[in-house]
Amino acid sequence: MVFTHDTTAALLAAVELVNSAAEPDAMTGQAQVDAFFAKHGYTGAPARDDRDLAAVRALRAPLRRMLTSDRDTAARLVNDVLATHRAVPRLVRHDGFDYHLHVVHPDTPLADRIAAETAMAMVDVIRADEMSRLSVCADETCDGVVLDLSRNRSRRYCSTACGNRLAVAAYRARRK
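Sequence positions in the sequence shown follow the numbering used here and run 340 to 515.
The following block contains the structure:
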């Protein structure tokens with residue numbers, strides 16, 4: 340395993356949230372936020388209203404910057420987020436997971452929890468000098484973020500759809 344469970348979970352959630360901004364927008368209503376909340380196992384209260392939805396949606400661009408920046412810029416962005424949210428790390432166990440870090444209170448609004456937990460995950464990425472695990476999709480028509488957790492660092496596409504689209508195009512080009 341490249342990173343601890345909580346780091347991996349926060350990175351996967353952040354990448355999904357960032358990529359939800361691509362057309363068609365996959366985070367347009369309360370049902371999508373609720374599904375995201377449940378899928379990624381966030382603790383505390385889910386988003387409650389349109390303001391929470393708007394705050395979660397507004398996170399997509401800043402998280403994209405954090406995930407795709409160079410190491411020094413990412414470190415500065417992480418420090419800013421942790422200071423803004425007054426992150427105080429504490430060890431917790433819940434839902435069958437052994438001790439891991441939480442940095443904000445469970446009653447903190449969902450968007451703030453997402454931002455702080457992503458920043459904490461990026462602390463591990465930056466400290467391990469593993470920024471190359473985060474990139475932009477190799478499909479030139481896509482700007483999705485890629486999280487490569489493979490051993491051989493071979494993941495190039497944000498989704499199977501992007502990889503398949505390019506494979507089919509290459510196949511068709513060879514057949515001509």
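We put the beta carbon where it would ideally sit given N, CA and C, even for glycine.
None of these values were measured; they are calculated from a predicted model.
Of all the options the options, which has the alpha carbon lying nearest to the alpha carbon of residue i?
i      : options                           : result
Phe376 : Thr412, Ala413 and Glu355         : Glu355
Arg387 : Tyr381, His379 and Asp373         : Asp373
Asp446 : Arg490, Gly383 and Ala422         : Gly383
Ala361 : Ala467, Ser408 and Ala400         : Ala400
Thr343 : Tyr510, Asn491, Ala467 and Arg514 : Ala467
List the residues that DSSP assigns as beta-bridge partners of residue i.
i      : result
Val484 : Val475
Leu440 : Leu430
Considering residue i, what are the terminal residues of the alpha helix (DSSP H) in which it resides?
i      : result
His344 : His344 to Asn358
Asp409 : Run containing Asp409: none; DSSP gives neither H nor E here.
Gly368 : From DSSP, Gly368 is part of no alpha helix (DSSP H); its letter is neither H nor E.
Cys501 : Thr499 to Arg514
Arg390 : Asp389 to Ala397
Glu456 : Leu449 to Arg466
Between which two residues does the beta strand (DSSP E) harbouring residue i extend?
i      : result
Leu521 : Residue 521 cannot be examined here, being either before or after the span of the chain that is shown, 340 to 515.
Looking at residue j and residue i, is the spacing between their C-beta atoms short of 8 Å?
i      : j      : result
Ile453 : Leu398 : yes
His424 : Val431 : no
Met459 : Ala349 : yes
Asn358 : Gly483 : yes
Asp437 : Thr346 : no
Arg495 : Ala506 : no
Take residue i and list the residues in its own chain whose beta-carbon comes closer than 7 Å to its own, dropping the five residues that flank it on each side.
i      : result
Asp481 : Checking the sequence shown, residue 481 turns out to be Cys, not Asp. If we look at Cys481 and ignore the five residues flanking it on each side, its Cβ neighbours are Cys497 and Cys501.
Pro448 : Asp391 and Ala394
Ile465 : Arg410, Ala413, Ala414 and Val417
Here's a check: name, in chain order, each residue in its chain whose Cβ is nearer than 6 Å to the Cβ of residue i, leaving out the five neighbours to either side.
i      : result
Val420 : Ala454 and Ala458
Arg472 : Asp487
Ser474 : Val485
His379 : Ala352
Glu456 : Ala349
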